[in-house]
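Colleague: When we follow our numbering, the leftmost residue of the sequence shown carries the number 1, and every step to the right adds one. Glycine included, C-beta positions come from ideal geometry on N, C-alpha and C. Quick caveat, the model's predicted, so the values are computed rather than measured.
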Amino acid sequence: MRHVTLSLIVFSLIPISLFSLNALSAEEKRVELPAAAMQSVSEIEYTRKGADTCIKCHDQDSEFPVFDIFKTKHANIGDSRTPFSGLQCEACHGPGVKGIKFMEEALEAGSHVGRVKPGEKRPPIMNFGPKSNESVEAQNTMCLECHSDDKHIQWQGSPHQLGEVACADCHRVHTEHDPALTKSTQNQVCFNCHKKERADFFKYSNHPVRFGEMGCSDCHSSHSSNNSGSLVHATINDTCYSCHAEKRGPFIWEHAPAAEDCSLCHKPHGSSHPALLTKRAPMICRDCHSQDGHPSLSDTPDGLSNSNPSAMLLGNSCTNCHSQVHGSNHPSGVKMMR
Numbered sequence: 001m002r003h004v005t006l007s008l009i010v011f012s013l014i015p016i017s018l019f020s021l022n023a024l025s026a027e028e029k030r031v032e033l034p035a036a037a038m039q040s041v042s043e044i045e046y047t048r049k050g051a052d053t054c055i056k057c058h059d060q061d062s063e064f065p066v067f068d069i070f071k072t073k074h075a076n077i078g079d080s081r082t083p084f085s086g087l088q089c090e091a092c093h094g095p096g097v098k099g100i101k102f103m104e105e106a107l108e109a110g111s112h113v114g115r116v117k118p119g120e121k122r123p124p125i126m127n128f129g130p131k132s133n134e135s136v137e138a139q140n141t142m143c144l145e146c147h148s149d150d151k152h153i154q155w156q157g158s159p160h161q162l163g164e165v166a167c168a169d170c171h172r173v174h175t176e177h178d179p180a181l182t183k184s185t186q187n188q189v190c191f192n193c194h195k196k197e198r199a200d201f202f203k204y205s206n207h208p209v210r211f212g213e214m215g216c217s218d219c220h221s222s223h224s225s226n227n228s229g230s231l232v233h234a235t236i237n238d239t240c241y242s243c244h245a246e247k248r249g250p251f252i253w254e255h256a257p258a259a260e261d262c263s264l265c266h267k268p269h270g271s272s273h274p275a276l277l278t279k280r281a282p283m284i285c286r287d288c289h290s291q292d293g294h295p296s297l298s299d300t301p302d303g304l305s306n307s308n309p310s311a312m313l314l315g316n317s318c319t320n321c322h323s324q325v326h327g328s329n330h331p332s333g334v335k336m337m338r
């Protein structure tokens with residue numbers, strides 16, 4: 001019994017000792033903070049009237065549509081998650097008192113102060129976008145202070161992050177309808193960098209992204225994902241099945257390539273051949289199927305091209321007979337013919 005009591009006393013003292021160590025550790029860290037850091041924090045000063053102060057100078061124009069911020073979700077003062085429920089403009093752009101004093105002193109001295117130019121040193125006001133004089137990392141860090149939910153959790157280490165793409169390179173915060181979030185305009189934002197994909201969408205057979213009927217985000221996550229190609233679904237097939245559900249199956253008779261990977265036969269963005277195919281039939285079928293032992297109108301028995309192929313064969317080729325190329329549920333559908 002004495003041993004049990006002693007053990008209870010020892011274990012009850014452990015949390016107290018750990019608490020003391022943690023408190024000591026925290027105290028040591030607090031004391032070790034450099035005076036310069038504490039001084040810079042104490043010098044931070046925000047304006048008293050928030051956005052009302054900013055718009056005295058920052059007016060509306062086509063290049064910098066400042067006032068449109070009031071039409072966006074960021075300006076919803078009734079939502080505690082938004083910048084305008086707190087520090088308003090300065091929640092993203094940083095404290096502006098020093099900048100205001102700088103402008104006032106310059107005007108009093110009789111000099112006209114224009115917009116900040118890249119590389120120009122002025123009071124530390126955070127600015128965003130392609131013309132920003134801030135680093136990409138600094139811009140994105142500010143956005144990630146709020147945008148850290150499951151949609152953005154894969155951003156670190158993503159192709160866009162490693163490629164030093166700033167959030168403001170794609171998103172327009174001071175716009176009522178962000179082009180990157182609007183399906184009809186989203187593709188133009190992506191095409192600014194993805195030139196090859198843009199060319200594919202102009203080919204004979206294509207997904208209707210260019211016409212605003214689809215958006216790039218229907219298949220891809222711009223903030224990355226754990227899936228190949230930053231797909232929104234786990235596999236290529238799952239992504240395709242989200243629209244082409246009739247190709248999912250299960251089928252009694254499965255066509256192995258179709259069940260494995262749609263991209264074995266189809267191009268995802270656009271193709272010069274019908275139905276987004278990588279090749280025209282029968283060439284695409286010959287990648288797997290030999291013509292040996294099979295009657296063919298397109299080739300001679302020696303495997304050479306026939307100079308007079310059937311016009312019907314050229315129309316649909318193998319699919320004239322093997323029409324169920326994705327799979328068949330017919331009891332006699334082993335050859336994908338019904």
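1) Between the Cα of arginine 338 and those of Lys183, Gly96, Glu254, spot the shortest distance and give me the residue it belongs to.
2) Looking only at its chain, what residues have a beta carbon closer than 8 Å to the beta carbon of histidine 207, apart from the 5 residues adjacent to it on each side?
3) What does DSSP give as the partner residue(s) for tryptophan 155 in the beta ladder?
4) Alpha carbon to alpha carbon, how far is lysine 203 from asparagine 320? Give it in angstroms, no decimals.
5) Using C-beta distances below 7 Å, list every residue in its chain close to proline 65, excluding the 5 sequence neighbours before and after it, in chain order.
6) Would you mind reading off the limits of the alpha helix (DSSP H) that contains serine 184?
7) Which residues mark the beginning and the end of the alpha helix (DSSP H) in which cysteine 170 is found?
8) What residue ranges within the region 61-87 form continuous beta strand (DSSP E) runs of no fewer than 3 residues, ordered along the chain?
9) I'd like the span of the alpha helix (DSSP H) that includes tyrosine 241, first residue to last.
10) Determine, using beta carbons only, whether cysteine 219 and threonine 239 come nearer to each other than 8 Å.
11) Determine the DSSP secondary structure at leucine 21, reduced to helix, strand or coil.
12) I want to know whether the region 218-234 touches the region 150-158 - three or more CB-CB distances under 8 Å.
13) Please report the distance separating the alpha-carbon of alanine 75 from that of threonine 235.
14) Using only alpha-carbon positions, find the residue among Asn187, Cys318, His326 that is nearest to glutamate 260.
15) For alanine 138, which of Phe128, Asp292, Cys146 has the nearest alpha-carbon?
16) On the three-state DSSP scale, how would you describe glutamate 45?
17) Please classify valine 334 as buried or exposed, where buried requires at least 16 other C-beta atoms within 10 Å of its C-beta.
18) Would you grab the beta carbon distance between threonine 47 and glutamate 90 for me? Rounded to a whole angstrom, and I think it's under 8 Å.
19) Identify every residue that forms a DSSP beta bridge with glutamate 254.
20) For cysteine 265 and asparagine 237, which I take to be in contact (beta-carbon distance under 8 Å), what is that distance rounded to the nearest angstrom?
21) Helix, strand or coil: which one does DSSP assign to histidine 93?
Modeller: A quick look at the data gives this:
1) Glu254
2) Phe201, Met214, Pro268, His269, Gly270, Leu276
3) Beta-bridge pairing links tryptophan 155 to no other residue.
4) 25 Å
5) His174, Thr175
6) 183-191
7) 167-170
8) none
9) 236-241
10) yes
11) The predicted position of leucine 21 is uncertain, since its pLDDT is 41 and thus under 50; a value taken from the coordinates is nonetheless stated next. Correct three-state label for leucine 21: helix.
12) yes
13) 38 Å
14) His326
15) Phe128
16) coil
17) exposed
18) 7 Å
19) Gly327
20) Incorrect: roughly 12 Å between the Cβ atoms, too far for contact.
21) helix
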